[in-house]
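*Asks:*
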Amino acid sequence: MLARAPGVSMTDFLVLGGGIAGAAAAHFLSVHGEVTVLEAEAAPGYHATGRSAGLFSAYYGNRVVRALTAASQACWADLLTPRGVVALAPHGAEKEFAQALADGLTAPLPARELPLDEVQRLCPIVRPGWYGRAMFKAAGLDIDTAGAHHRMLRGVQVVTRARVTALHRRSGLWHASTTNGPFAAPVIVNAAGAWADEVARMAGIAALGLRPLRRTAAIIPAPDRRAVDRWPMVADVTETFYFKPESGGLLVSPADATPVAPHDVRPDDLDVARAVARFEEVTTVQVARVCHRWAGLRTTAPDDTPVVGEASGATGFFWLAGLGGYGFQVAPAVAELLAALVTGSSGPRATRHLAAPLSPLRASIAANAGRAQ
Ligand SMILES: Cc1cc2nc3c(=O)[nH]c(=O)nc-3n(C[C@H](O)[C@H](O)[C@H](O)COP(=O)(O)OP(=O)(O)OC[C@H]3O[C@@H](n4cnc5c(N)ncnc54)[C@H](O)[C@@H]3O)c2cc1C
0 MLARAPGVSM
10 TDFLVLGGGI
20 AGAAAAHFLS
30 VHGEVTVLEA
40 EAAPGYHATG
50 RSAGLFSAYY
60 GNRVVRALTA
70 ASQACWADLL
80 TPRGVVALAP
90 HGAEKEFAQA
100 LADGLTAPLP
110 ARELPLDEVQ
120 RLCPIVRPGW
130 YGRAMFKAAG
140 LDIDTAGAHH
150 RMLRGVQVVT
160 RARVTALHRR
170 SGLWHASTTN
180 GPFAAPVIVN
190 AAGAWADEVA
200 RMAGIAALGL
210 RPLRRTAAII
220 PAPDRRAVDR
230 WPMVADVTET
240 FYFKPESGGL
250 LVSPADATPV
260 APHDVRPDDL
270 DVARAVARFE
280 EVTTVQVARV
290 CHRWAGLRTT
300 APDDTPVVGE
310 ASGATGFFWL
320 AGLGGYGFQV
330 APAVAELLAA
340 LVTGSSGPRA
350 TRHLAAPLSP
360 LRASIAANAG
370 RAQ
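Residue numbers 0 to 372, in numbering that gives the first Met the number 0, belong to the letters of the sequence shown in order.
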């Protein structure tokens, strides 16, 4: 622990942001010293982390994301339950289907093509005839997101209502001015989600061109009061909708990805209407009402791969951002790797080779960084 300066709360590691990224960073760093999480809101998890669809899918994302997902699975083992994903190809989407199936075949539990009549056995409301091919992905699991977030924050000091408003490095320490007092530490971790570029600019560090993308979700009642809990998630390979059991009803989404500025995002009525219209098109159900609706920001780097590592020319400033639509899938693996980079150790065997593709210095980010100022 560092010596305390009057009026400034000092610690070994300051983590900016209390979502799943910041929580996981705090969890893995707490082995190496004292950690304080600074969270702008009244409760951690208020933004993207509290708004997820709760899927942990071995098939989702690019090669790096899948490796991170595989490396994270053991950490969440008791929080995962079988769900399964049926991915359908509308007529005309044969190319996308072939690509998705080829990708799915490389997963540890490979995707398999389904006979068309098998789809209604798994989910009886899917409208026969509108799709031409179907596959089943058994290793698409549900994750208890609240339990995962809580686990990572256990024993960690979180200061809420502490929005970071300025960052300076002086005498080997990062000083953070916040709405809940001043803090200092030799190392800071930027886990501010959609605001991560904004936080970097406060420190005089080049933004990475992260893009917050709005995604909408709504809960509708179970059709005809059926027991839907065992139905799989149903999606299409062209990513125009998905639905899955949630809280006794169905979560429906138009799989939207609308670029917006970072803010406390609300659902757009048109997106909710699109979710319902698409659901009615692909199923035999008429939706009588929407019980609950929300939107959240999935924030991605230009290559849709998380960003983990020290900023160029800024000793002690580490990125843990750009978790996109995969935050829960990858959080343990990216945070463990981050802790290794912070402490100068070689990192876990399963993921140390990913330090380069995750680095904030990688070419795909450097090419964009100039435009992101
Ligand atoms: C509708 C939807 C469905 C999703 N479904 C899935 C899914 O099925 N599976 C999956 O793995 N992922 C899913 N995701 C993605 C997942 O939710 C995100 O990847 C993850 O929550 C990102 O976590 P984060 O900690 O980076 O960001 P956030 O949870 O947004 O946390 C960032 C935190 O930083 C704080 N902050 C910002 N600025 C400051 C500041 N200046 N000072 C202090 N604090 C600050 C914010 O208040 C916030 O709490 C989904 C997302 C959405 C929106």
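Where a beta carbon is used, it is the ideal one built from N, C-alpha and C, also for glycine.
Computed from a prediction, not measured in an experiment: that's the story for all the values here.
Buried or exposed: Asn189, going by 16 or more other Cβ atoms within 10 Å of its Cβ?
*Replies:* So Asn189 ends up on the buried side.
*Asks:* Report yes if the C-beta of Ala405 is less than 8 Å from at least one heavy atom of ligand 1; otherwise report no.
*Replies:* Summary: the structure shown does not reach residue 405, with the chain confined to residues 0 through 372, and so no result is reported for it.
*Asks:* Closer than 8 Å by C-beta to His149: which residues in its own chain qualify, once you throw out the five before and the five after it? Chain order, please.
*Replies:* none
*Asks:* Mind reading off the beta-carbon distance from Ala256 to Arg214? Whole number of angstroms is fine, and I expect it under 8 Å.
*Replies:* 6 Å
*Asks:* Would you tell me roughly how many angstroms separate the C-alpha atoms of Met0 and Val155, rounded to the nearest one?
*Replies:* Reliability fails at Met0, whose pLDDT of 38 lies under 50, so the model's placement of it is uncertain and no value is given.
*Asks:* Could you give the C-beta distance for Leu209 and Ala195, rounded to a whole number, given that I count them as a contact under 8 Å?
*Replies:* 6 Å
*Asks:* Using a Cβ-Cβ cutoff of less than 7 Å, which residues in the same chain neighbour Thr80 once the five nearest sequence positions on both sides are dropped?
*Replies:* Leu140, Asp141
*Asks:* Identify whether Leu340 lies in helix, strand or coil by the three-state DSSP scheme.
*Replies:* Secondary structure at Leu340: helix, using DSSP grouped into helix, strand and coil.
*Asks:* Could you give the first and the last residue of the continuous alpha helix (DSSP H) run that contains Gly103?
*Replies:* 93–104
*Asks:* Around the C-beta of Ala75, are 16 or more other C-beta atoms found within 10 angstroms, so that it is buried, or is it exposed?
*Replies:* Sequence inspection shows Trp at residue 75; the Ala mentioned does not correspond to that position. If you draw a 10 Å sphere on the C-beta of Trp75, you find 16 or more other C-beta atoms in it, and that means buried.
*Asks:* Does Ile142 come out as helix, strand or coil in the three-state DSSP assignment?
*Replies:* strand
*Asks:* Buried or exposed: Lys94, going by 16 or more other Cβ atoms within 10 Å of its Cβ?
*Replies:* Under this definition Lys94 is an exposed residue.
*Asks:* Would the C-beta of Ala47 count as close to ligand 1, meaning under 8 Å from any of its heavy atoms?
*Replies:* Checking every heavy atom of ligand 1 against the Cβ of Ala47, one is found closer than 8 Å.
*Asks:* Where does Cys122 land, buried or exposed, given buried means 16+ other C-beta within 10 angstroms?
*Replies:* Sixteen is the threshold: when 16 or more other Cβ atoms of the shown chains lie within 10 Å of the Cβ of Cys122, as they do, the residue is buried.
*Asks:* Do Leu152 and Gly17 come within 9 Å of each other at the CB atom, strictly closer than that value?
*Replies:* Yes, the pair counts as a contact, with Cβ atoms nearer than the cut-off.
*Asks:* What number of angstroms, rounded off, separates the C-alpha of Leu340 from the C-alpha of Gly346?
*Replies:* 7 Å
*Asks:* Suppose you measure from the CA of Pro253 to the CA of Asp11; what does that come to, to the nearest Å?
*Replies:* 43 Å
*Asks:* How far does the alpha helix (DSSP H) with Val63 in it reach, from first residue to last?
*Replies:* 62–75
*Asks:* What first and last residue would you give for the alpha helix (DSSP H) that runs through Glu280?
*Replies:* 268–281
*Asks:* To the nearest angstrom, report how far apart Met201 and Pro107 are at their CA atoms.
*Replies:* 42 Å
*Asks:* Kindly examine ligand 3 and report whether one of its heavy atoms sits closer than 8 Å to the Cβ of Arg297.
*Replies:* Summarising the ligand content, the structure contains ligand 1 and does not contain ligand 3.
*Asks:* Do you know offhand how far Ala274's Cα is from Ser8's?
*Replies:* In this model, Ala274 and Ser8 are separated by some 47 Å (Cα to Cα).
*Asks:* Mind checking which residues open and close the beta strand (DSSP E) that includes Glu117?
*Replies:* Where Glu117 is concerned, there is no enclosing beta strand (DSSP E), although the alpha helix (DSSP H) it sits in stretches over 115–121.
*Asks:* In its own chain, which residues sit with a C-beta less than 7 Å from the C-beta of Phe96, not counting the 5 before and 5 after it?
*Replies:* Ala88, Arg132, Val236
*Asks:* Alpha carbon to alpha carbon, what distance is there between Gly203 and Ala313?
*Replies:* 9 Å
*Asks:* Hey, Asp302 and Ile364: beta-carbon distance below 9 Å or not?
*Replies:* yes
*Asks:* Given the structure, does Gln72 come close to ligand 1, in the sense that its CB is under 8 Å from one of the ligand's heavy atoms?
*Replies:* no
*Asks:* Got a sec: does ligand 1 put a non-hydrogen atom nearer than 8 Å to the Cβ of Glu38?
*Replies:* yes
*Asks:* What would DSSP say about Gly131, mapped onto helix, strand or coil?
*Replies:* strand
*Asks:* Report yes or no: do the stretch 231–245 and the stretch 264–278 share at least 3 C-beta pairs separated by less than 8 Å?
*Replies:* yes
*Asks:* Which value, in whole angstroms, describes the spacing of the CA atoms of Asp228 and Glu245?
*Replies:* 7 Å
*Asks:* When you compare the stretch 66–74 with the stretch 34–48, are there three or more beta-carbon pairs, one atom per stretch, that lie closer than 8 Å?
*Replies:* no
*Asks:* Can you give the Cα-Cα distance for Val329 and Phe317, rounded to whole angstroms?
*Replies:* 17 Å
*Asks:* Please report how far the alpha carbon of Ala432 lies from the alpha carbon of Gly324, in whole angstroms.
*Replies:* Any answer about residue 432 is impossible in this case: the structure gives the chain only from 0 up to 372.
*Asks:* On the CB-based measure, 16 or more other CB atoms within 10 Å of its CB, does Ser311 come out buried or exposed?
*Replies:* exposed
*Asks:* Taking the CB atoms as reference points, tell me whether Glu280 and Arg160 lie closer together than 9 Å.
*Replies:* no
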